[in-house]
Amino acid sequence: MVIILFWTAVFFLLFQFLKRHEGISIKLPFSFSARSATPATEPTMAQTSDAEQNSQIVLPHVPVQHAERIVTQVDQEPAVVSSPQGSVTIYRCKAYSGGIFWSSAHCGSQQALIDRMATVPNGLPFEQQVQIAEGQRVAAMALYDQQPSAEVQRSDRCVALKRERETIESRYTNWQWQPLEVINPDQTRMKGLRAEQARLGCPTQ
C-alpha cells in the first residue's frame, strides 16, 4: 500500500513538472484567427464598379460591310481649305471738294461721286481690299491704254480714206490721159471710198 502511494505521488509530481515546463497543446478542428481563411474572390464582370462602367464606351453593333463603307467614306473625305467666304463691293469716290478715296459705303452717303467700283474678297482687312482694288484699276487702265478708242480708230480710218481718194484723183489732174485698165478700177474704188466715208461720217473736205 505504501509503495502504491509512493509511485502515485511520483507520477503526480512528474505530471505537474511537465505541465509547467512544456504545457499541453490542444489541437482544435478550427482556429479563431483574426484574418479570415476564406480567400478573396476576384471581381467578375458583373461586379465592376460604377466608375469603371461609366468609363467604358459602348459602341453600336455595325455589320462588317457597313463598317467598311464608313471607313471608306471617312478616308475619301476631302480636306477643307480655309478661304474668305464670298465677296464684297467697295467704292472709289470723288469728293465734291475734289479729293479721291476708297470707301466700303456708297459714295452718295459721304457727299461724293462714284469714280469706280471694285469687287474684292470678303473677310479681309479694308487696307488689303483697297490694295486689291487698286491693282484691278491699274490693270484695267493699262489694258485701256493698249486698245485705242473707237473714235481714234474712226478718225484714223477717215484720214486713210481721204489720202487714197486724193491719190486716185491726182491721176486725172490737168486732164492727164489714162488707159481703160486704170480708169475702170479707179472708178469702182472711188465709189467704195465715198460709201465708206459716208458710213463713218468722215469730213468730205
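Add 64 to a position in the sequence shown, counting from 1, and you land on the number used in the numbering used here.
Even for Gly, the Cβ is constructed at its ideal location relative to N, Cα and C.
- Beta-bridge pairing by DSSP links residue 151 to 185.
- The straight-line gap separating the alpha-carbon atoms of residue 164 and residue 228 is approximately 47 Å.
- Straight through space, the alpha carbons of residue 196 and residue 184 are spaced by roughly 7 Å.
- The continuous beta strand (DSSP E) containing residue 167 extends over residues 164 to 167.
- About 7 Å separates the beta carbons of residue 235 and residue 250, which is inside the 8 Å limit, making them a contact pair.
- For residue 265 and residue 205, the gap between their C-alpha atoms comes out near 29 Å.
- The C-beta distance from residue 160 to residue 182 rounds to 22 Å, too long to meet the 8 Å contact threshold.
- Burial is judged here by how many other beta carbons sit within 10 angstroms of a residue's own beta carbon; residue 208 has fewer than 16 and is exposed.
- For residue 231, the enclosing alpha helix (DSSP H) stretches over residues 214 to 234.
- For residue 215 and residue 260, the gap between their C-alpha atoms comes out near 15 Å.
- By the neighbour-count criterion, in which a residue is buried when 16 or more other Cβ atoms sit within 10 angstroms of its Cβ, residue 194 is buried.
- A direct Cα-to-Cα measurement between residue 247 and residue 238 gives close to 15 Å.
- Here DSSP, grouped into helix, strand and coil, assigns residue 266 to coil.
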